[in-house]
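In my numbering, the protein residues as written are -4 to 988. Every residue, glycine too, gets a C-beta built ideally from N, C-alpha and C.
Structure (structure tokens):
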């Protein structure tokens, strides 16, 4: 079953990612976050479904697009080409399987295609990464061997974990001689409960008689309570009637008085309204006098605030308003005088610095200092500077070209001195042609000499190694000889004759090792190779002696050919350099003319600006700027003088108008500032008077309105009083107040009667005619209640005594309760015991299953894993053994055994991978799935990494391997057609394998 193609519609960060024609051994190479783990998870998800939201695995749902899923194309022996497509749908996704004959039932066919393999089994055997390898390092030392056995038997340590969990649960349920386990605790409590049941059985007979008597007393107590409740209710009714008796008498008296007052009528709230009208009339009279007094005061105040005659507020306000502007004009005038003085100094300074003639100063304003002249100055000066710089560069270049021509001429002359004449050159050429056949032999001779030199070096190195080995063997044999000679002497001295045989044999072996020659097969091979090479070299030298042509003449010919070629090159360069020199001279002359022309232009500009000719060309721009400033300064002086005259005229006119206005109102002020201050104060006073007058007029108008309102309201109240007297059928206020008192009495009696009717009800004196009868009935009821209460107290005391006795019997529970609890505890014990039996049986079955796997599949896996492990470690380890206690051990080539936990981290991981690959090999007929490895070799050194890659290449023809890595040194071990480059930044376009 080979994966031919994968197409990711959308999964994680991959979008529309396609790889075709996957090989038996395919490498996916890319940096971190390039999508390696995403592709690995994609293969799992297409085969076994997307992880659900309840699972801890990532779903890799895309965040930037809606497509989710993809398809895989497999080539199988049984079904041919199979396409498996899974897209977003239900929790695990909607899957479709397509064969050559058409689509089939996906779920049923997938189970058949995968031979019942689920995701956990696939990842346990055929897919692993660095995390699976690191899982070994987290195990305890005593667990590593069992873990590897489980991985080699069934591909996962799941059964091993289940076995450990079963054993732990059994120990928690029951342990012989234990106290804390659950079943042990149940047994101890059952025995205690059995004793309580026996005790409760004896006490059960007394308990029944007490219960019967208590029920009888409780019945009597309940009847007595009901009787007492009825009598107490009757007593409360009689007592209430006795308390209400004075109220009943009061009710009768109120009814008689109300009959007498039945004809009295009075307006609602009549007395209150009378008082209210009288109070308001008094208030209005007082208010009228107050308003009249305020009118008189207001008229007097208006006379006191009469406005100043002849004063024009608008003109005064204009003078005050213009004063800040006049002050600013005064300050501006002072500032202008200072500015004019400074500009005169600046103007004189510019003239002095420019050495400008005084007679031409008046012409400065007419000079052309506009933008066109500035641009002309700048452009001409820049062109002059540029041409002058080019002229200097051309002068330097001309000097260099002349030196180059002289140097090349000297070289040509030197070569010509070394050349031979043409006849000698032709004679040497004929000798060289004869020597050409011997050049191949000369090259072969040099090659043989290099090989002989390398072999001699290797011979010295091997002889040094052989000398070291012989020296080590001598040291070991001499050490053994010395030790066993001592033992032999000791055995002779102490007459331990049986022990003498072992030292004699050991001394013999040591002597043999001393005289035995250490093998040196590699040195013999090197010597044979040296002899062959030297013989071949000797024959070549003989052939070279007989070769045609003189070697020395051939060498001279080749030297002459090289000299002639070199002379041609130098002569060609000389001609080119002369041409360049001529061009440089022409350019230099042309540039000199350009510099002269630009210099004439600059002198013309100086004349136009009136500047001296001795001013440096480089200072023309500065002089132009100063002339511009001089022109501006002269213009500013003219403007400032005009402004000064204007301001002086304005100040004089304003002062004349101000003093004329003050003379009209007879104000004796002669200073402008004091005059303005006087106007400000006068304006303030006049405004205040105007405002006061306005408010007083308004106030006077309001007071007149108030008088009218008060008089109208007084008339209305007097009409209301008249209507009030008419409603009470009286003419005077005194009669009105008498009738008000009678009406108030009638109202109070009605309210009291209503309250008494609510308190007494309707039948207060149905059974009793006098207060004495009520008191006699109250006494009789009290006597009956007291007698019945004494009988109830006696029954309650007896009931309390019985309850105390029953309570003592019920402290440990009744016999029935104790028996029920005993049976319940026994039932719980039986349930837990059944659980213990189930766990024990499961543990036994699990041990048998593990043993079956170990005896059946595991030996094949171990044999194949041993071959793989030996190859991976460069045959440092030879075998993998299963010891009698069920643990694994690996055998090194020196026959020493190591437990898995004693191996280094990298070697331990190599053992784990070897067992995994061994299991894949054993299962390949039953489960021919591709193997997926994600960076599983990061802890391997370079040599073992290469061995691992060789092993993968060996198994890939039978089992497809998909390898994912981010390490370039691994990617370099594969040909380009086996490597798929994954870019770090996604999404990616289609890639083909």
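Secondary structure of residue 59 (DSSP, three-state): coil. Taking residue 72 as the centre and dropping the five residues before and after it, the same chain places the C-beta of -4 and 923 closer than 8 Å to its C-beta, in chain order. The stretch 715 to 726 makes no contact with the stretch 277 to 290, as fewer than three CB pairs between them are under 8 Å. When 254, 974, 655 and 50 are compared, the shortest CA-CA separation from residue 740 is found for 254.
With contacts defined as CB atoms closer than 8 Å, residue 908 and residue 121 fail to qualify as a contacting pair. For residue 120, the enclosing alpha helix (DSSP H) covers residues 114 to 120. Here DSSP, grouped into helix, strand and coil, assigns residue 214 to helix.
Bounds of any beta strand (DSSP E) do not take in residue 731; it lies within the alpha helix (DSSP H) bounded by 728 to 755. DSSP, reduced to helix, strand and coil, places residue 297 within a helical segment of the structure shown.
For residue 365, the three-state secondary structure derived from DSSP is coil. When Cβ pairs closer than 8 Å are counted between the two stretches, the stretch 679 to 692 is seen not to touch the stretch 262 to 280, the count staying below three. Approximately 16 Å separates the beta-carbon atoms of residue 603 and residue 379; this is outside 8 Å, ruling out the contact. Close CB contacts of residue 102 within its chain, under the 8 Å cut and outside five residues either way in sequence, are with 90 (chain order). The alpha-carbon of residue 784 is positioned some 8 Å away from that of residue 223. Of the candidates 247, 411, 487 and 701, the residue whose Cα lies closest to the Cα of residue 565 is 411.
Annotation for residue -3: the continuous beta strand (DSSP E) segment containing it runs -3 to 6.
Judged by DSSP in its simplified three-state form, residue 901 adopts helix. Residues of the same chain with a CB within less than 6 Å of the CB of residue 84, apart from the 5 flanking positions on each side, do not exist.
A distance below 8 Å separates the beta carbons of residue -1 and residue 16. Taking C-alpha positions only, residue 69 is separated from residue 38 by approximately 12 Å. Nearest to residue 629 by alpha-carbon distance, out of 827, 479, 362 and 815, is 362. Counting only runs of 3 or more residues that sit fully inside the stretch 6 to 74, the beta strand (DSSP E) segments are 9 to 14, 20 to 25 and 64 to 71, in chain order. By the Cβ neighbour-count rule, residue 572 is buried, with 16 or more other Cβ atoms within 10 Å of its own. Going by C-alpha positions, residue 815 is about 14 Å away from residue 190. Inter-residue distance for residue 346 and residue 327 is about 28 Å (C-alpha atoms, whole angstroms). Runs of the beta strand (DSSP E) lying entirely within the stretch 412 to 485, each at least 3 residues long, are absent. DSSP places residue 713 inside the alpha helix (DSSP H), whose first and last residues are 667 to 722.
Cβ neighbours of residue 244 within its own chain (closer than 7 Å, five residues either side excluded): none.
Judged by DSSP secondary structure, residue 943 falls within the alpha helix (DSSP H) whose first and last residues are 937 to 950. Residue pairing by DSSP places residue 928 opposite 123 and 958 in a beta bridge. Proximity to residue 8 across 641, 61, 876 and 974 peaks at 61, based on C-alpha coordinates. An exposed status is given to residue 48, since fewer than 16 other beta-carbon atoms sit within 10 Å of its beta-carbon. Inter-residue distance for residue 219 and residue 209 is about 15 Å (C-alpha atoms, whole angstroms). Counting C-beta atoms within 10 angstroms of its own C-beta, residue 829 has fewer than 16 neighbours from the protein chains shown and is therefore classed as exposed. The DSSP assignment places no complete beta strand (DSSP E) segment of no fewer than 3 residues inside the stretch 211 to 274. Residue state for residue 892 is assigned as strand, using DSSP reduced to three classes.
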